[in-house]
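Some notes on the structure that comes next.
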Amino acid sequence: MQSNAALEYDYTVAKLYTYTTILFGFVGMLIGTLIAAQLAFPELNYLLGEYGTFSRLRPLHTNVVIYGFTVSGVFATFYYSAQRVLKVSMAESKLAMFAGKLQFGLYLIAATGMVVSLLMGITTTKEYAQMEWPLDILIVVIWVLWGVAMFALIGIRREKALYISMWYFIACFLGVAMLYLFNNMEVPTYFASGGVGAITHSVSMYSGTNDALVQWWWGHNAVAFVFTVPIVGMIYYFLPKESGQAIYSYKLSLLSFWGLMFVYLWAGSHHLLYSTVPDWMQTMGSVFSVVLILPSWGSAINMLLTMKGEWNQLTDNPLIKFMVLASTFYMLSTLEGPIQAIKSVNAIAHFTDWIPGHVHDGVLGWVAFMIMSGLFHMAPRMFKREIYSKKLVEAQFWIQTTAVVLYFTSMWIAGITQGMMWRAVDEYGNLMYSFIDTVTVLHPYYAIRALAGVLYVTGFVMFAYNMIKTMSSSRELAEEPQFRSPMA
Amino acid sequence: MFHWLEKNPFFFAVGVFIVIAFAGLIEILPNFAEASRPVDGLRPNTVLELAGKNVYMKDQCIACHSQLIRPFKAETDRYGQYSLSGEYAYDRPFLWGSKRTGPDLHRVGNYRTTDWHENHMWEPTSVVPGSIMPAYKHMFTNVADLATAYAEAVTVKNVFNTPYGDDIQPGKKAFEAYKPKILEEAKKIAADMKNKDVKDMVAQGKVPEIVALIAYLNSLGSSRYDAKK
């Protein structure tokens with residue numbers, strides 16, 4: 001006989017990752033704002049000697065926000081929501097608990113190693129795979145431990161059918177594992193040369209064009225399986241839980257999930273248009289990028305329609321605001337991406353600031369909004385206290401929304417301006433601008449982007465303060481809130 | 001079928017894996033052998049150039065500079081002949097970059113000199129007014145890691161059959177025996193430079209990062225082809 005008593009979920013690991021999400025989010029975004037400002041005001045390059053140049057800090061920014069902030073957020077929301085959709089507590093599985101805690105410990109070591117090694121300039125330079133081989137091995141172990149915890153919980157689940165967000169977490173686990181392993185195949189030079197030189201250095205298993213192809217198969221799909229797949233999993237859990245609405249359409253979620261899985265991996269070669277990879281691959285990348293609109297919009301529309309008849313919640317619940325705007329930014333970003341993947345557009349957009357502009361309307365407007373609102377939803381349930389201040393959440397929402405809009409609009413203009421100037425010719429067919437002309441013209445847009453960064457970080461500090469206050473000194477709750485998160 | 005998969009996590013995971021794996025197989029594998037063939041006459045980088053490439057990687061020049069000239073008139077006018085796949089055959093990793101905050105460098109050796117690079121890396125605005133690139137003065141004092149560059153040459157020679165000579169052999173002793181050749185190459189670069197500290201260091205048998213980097217930058221262009229062929 002099954003007992004009817006409510007399960008006591010164990011949030012130990014979810015809480016640990018919540019702390020690191022906040023910490024790395026702040027650090028990563030602060031570095032991002034600094035490097036944005038360096039492009040507008042180059043004298044800011046000299047704050048930390050050789051460790052403070054734009055070039056040294058840029059990979060640190062991307063790695064800290066990806067592997068620090070986003071991955072922490074994915075783990076935090078996973079260790080929270082998986083228990084609930086599977087109807088088991090972490091406390092019921094010694095294996096899951098052990099794997100989860102060990103994973104967190106190793107994660108801290110890897111994160112520290114990542115920050116130190118990138119600052120020192122120890123890097124493979126392959127984007128979002130910059131870490132050298134010792135850290136790569138550690139990351140594989142961390143990832144396997146996540147899989148152990150995941151399948152240990154799945155193995156003892158009471159709810160037999162896996163809920164949609166679990167599909168996405170499983171896909172995230174498998175996708176990243178496959179891509180990371182293949183892209184980071186490298187030979188440590190120390191061991192292959194009879195003990196000469198630095199122990200950390202390695203060379204890629206692939207050379208030239210092949211290396212590029214494997215790298216962007218990874219690079220693009222790291223975006224897919226870190227910035228999209230688990231975040232879609234989050235919104236499938238948190239939006240219905242926060243709003244009290246059932247998901248609009250099961251069939252649409254089915255189509256979107258399997259569609260996304262099938263289509264996404266083909267699109268990687270759109271990063272290599274007009275490069276030396278074969279033409280047919282470039283065309284495949286272009287075509288599948290456009291097809292990708294279907295499953296992406298499928299999820300986003302499913303989310304928006306989930307709110308059908310309940311749009312009043314948008315005005316009085318700031319968390320719903322975050323989630324609805326997140327899915328809207330997801331739509332914007334997944335329309336913009338395919339447009340940039342069309343070859344003639346890519347000829348202008350590639351190598352310009354339009355690309356970081358595109359990335360940031362996705363990560364700031366979609367990924368970070370979703371992670372922050374997810375953590376806000378979790379806090380009253382994990383810490384048994386109401387959210388410290390509703391006003392602060394509201395203010396944060398508007399400040400950060402303004403920041404995102406400033407960011408992508410300025411980078412759209414900057415990117416298209418630069419792309420057009422690079423190719424501009426006079427009446428005799430000579431190039432009209434020297435390269436430096438196309439740099440100096442961008443100054444105002446770089447300044448606006450830096451301002452956007454300052455605003456976004458300000459909003460993030462408000463988020464962090466609100467979360468810390470919620471954990472420590474907000475009013476205690478007698479019982480778990482049903483749907484809408486209580487806030488003072 | 002989907003309902004059944006949702007109740008059977010193992011088969012669900014297998015299904016997801018198959019669906020995501022085969023795009024990679026179809027797009028990456030067919031061209032693998034062909035794409036790794038070098039163009040005629042391509043020579044691998046010298047050890048000094050490799051050390052410079054590692055400086056290029058360490059200070060992440062790739063964050064702002066591409067090494068990929070696309071086949072457009074505006075690009076070939078600005079940077080020279082568009083890039084060919086076989087020119088990258090010895091590049092591990094590839095250094096195409098994804099952002100041009102500064103100009104492309106794939107053929108920079110054809111139109112910039114040691115002297116220009118020296119001035120530029122010391123103070124970019126002295127040769128390019130309005131430049132937002134930071135100065136890299138620390139490269140004039142940091143010593144380049146020749147041992148690691150040598151280890152890299154040994155590795156690619158032995159593991160990937162990159163055509164290096166018989167004097168590239170494993171072990172510390174082999175490296176010490178090879179070192180004079182690297183220094184000789186460094187001296188030629190330093191002879192074209194005016195920074196006193198750099199000249200002194202090279203005379204003492206130490207190679208500053210800037211010398212290695214300039215050797216690498218000079219190799220980007222026609223001089224990556226072997227003159228004998």
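Chains as they are written, first to last, in the numbering used here: chain A, 1 to 488; chain B, 1 to 229. By construction, the Cβ of each residue, glycine as well, lies at the ideal position given by its N, Cα and C atoms.
Item: Check whether the stretch 278-287 of chain A and the stretch 252-263 of chain A are in contact - that is, three or more C-beta pairs closer than 8 Å.; Value: no
Item: Determine the chain B residues that contact Asp279(A) at a beta-carbon separation under 9 Å, and present them in chain order.; Value: Going along chain B, no residue has its Cβ under 9 Å from Asp279(A), so there is no contact; the nearest lies around 11 Å.
Item: What residues from chain A crowd round Gly41(B), counting only those whose CB sits closer than 7 Å?; Value: Correct list: empty, because the minimum Cβ distance to chain A is about 16 Å.
Item: Is the distance from the Cβ of Asp145(B) to the Cβ of Leu431(A) below 9 Å?; Value: no
Item: Contact defined as beta carbons within less than 8 Å: I believe Ile156(A) pairs with Val88(A). What is the distance between those atoms, to the nearest angstrom?; Value: 5 Å
Item: CB Gly134(B) to CB Tyr46(A), shorter than 9 Å?; Value: Reading the sequence as shown, one finds Pro at residue 134(B) and not Gly. Yes.
Item: Return yes when the Cβ of Phe98(A) is within less than 9 Å of the Cβ of Asn17(A), no when it is not.; Value: It is Tyr, not Asn, that sits at residue 17(A) in the sequence shown. Cβ distance not < 9 Å, so Tyr17(A) and Phe98(A) don't count as in contact.
Item: Chain A partners of Met57(B), CB-CB under 7 Å?; Value: Thr123, Thr125
Item: How is Tyr150(B) classed by DSSP in three states: helix, strand or coil?; Value: helix
Item: By how many angstroms is the C-alpha of Thr438(A) removed from the C-alpha of Leu145(A)?; Value: 48 Å
Item: Using C-beta distances below 7 Å, list every residue in its chain close to Arg206(B), excluding the 5 sequence neighbours before and after it, in chain order.; Value: Arg is not the amino acid found at residue 206(B); the sequence shown has Lys there. Contacts found: Val143.
Item: Can you tell me where the alpha helix (DSSP H) with Val393(A) in it begins and where it stops?; Value: 390-423
Item: Where does Tyr250(A) land, buried or exposed, given buried means 16+ other C-beta within 10 angstroms?; Value: exposed
Item: May I have the straight-line CA-CA distance separating Ala203(B) from Ala349(A), to the nearest angstrom?; Value: 47 Å
Item: For Ala452(A) and chain B, any beta-carbon pair shorter than 9 Å?; Value: no
Item: Where does Pro103(B) sit, in a helix, a strand or coil, going by DSSP?; Value: coil
Item: Say whether the stretch 232-239 of chain A touches the stretch 323-338 of chain A, bearing in mind that this needs 3 or more beta-carbon pairs closer than 8 Å, one atom from each stretch.; Value: yes
Item: Quick one: list the residues of chain A neighbouring Cys138(B), beta-carbon separation under 8 Å, in chain order.; Value: One point to set straight first is that residue 138(B) is His, not Cys, in the sequence displayed. Those are Gly49, Glu50, listed as they occur along chain A.
Item: Report yes or no: is there a C-beta of chain B within less than 9 Å of the C-beta of Asn210(A)?; Value: yes
Item: Kindly list the residues whose CB is nearer than 6 Å to the CB of Pro318(A), restricted to its own chain and excluding five residues on each side of it in sequence; keep chain order.; Value: Val393, Glu394, Phe397
Item: Buried or exposed: which applies to His120(B), given that a residue is buried once 16 or more other Cβ atoms fall within 10 Å of its Cβ?; Value: buried
Item: Can you tell me which of the three DSSP states Ser434(A) falls into?; Value: coil
Item: Can you tell me which of the three DSSP states Ser243(A) falls into?; Value: helix
Item: Just to confirm my understanding: we take Glu386(A), look at its own chain, exclude 5 residues before and 5 after, and list those with CB closer than 7 Å. What are they?; Value: Pro380, Ser474, Arg475, Leu477, Pro486, Met487, Ala488
Item: Which residues bound the alpha helix (DSSP H) around Val55(B)?; Value: 47-58
Item: Could you check where the alpha helix (DSSP H) with Glu336(A) kicks off and where it finishes?; Value: 318-341
Item: Given a cut-off of 9 Å, decide if Leu455(A) and Ile22(A) are closer than it, judged by their beta-carbon atoms.; Value: no
Item: Any Cβ of chain B within less than 9 Å of the Cβ of Ile448(A)?; Value: no
Item: Is any beta-carbon of chain A found at less than 9 Å from that of Gly221(B)?; Value: no
Item: Examine chain A for any beta-carbon lying closer than 9 Å to the beta-carbon of His120(B), and answer yes or no.; Value: no
Item: Consult DSSP for Lys229(B) and reduce its assignment to one of helix, strand or coil.; Value: Its pLDDT being 49, under 50, Lys229(B) is placed unreliably by the model, and the measurement read from it follows with that caveat. Note: Lys229(B) maps to coil in three-state DSSP.
Item: In the DSSP assignment, find the alpha helix (DSSP H) that holds Ser55(A) and state where it starts and stops.; Value: 54-63
Item: Applying the criterion that 16 or more other CB atoms from any shown protein chain within 10 Å of the CB defines a buried residue, is Ala246(A) buried or exposed?; Value: exposed
Item: I'd like to know whether the C-beta of Phe11(B) is nearer than 9 Å to at least one C-beta of chain A.; Value: no
Item: Nearest by alpha-carbon distance to Leu273(A): which of Trp266(A), Gly285(A), Leu265(A) is it?; Value: Gly285(A)
Item: Where do the ends of the beta strand (DSSP E) carrying Val187(A) lie?; Value: 186-188
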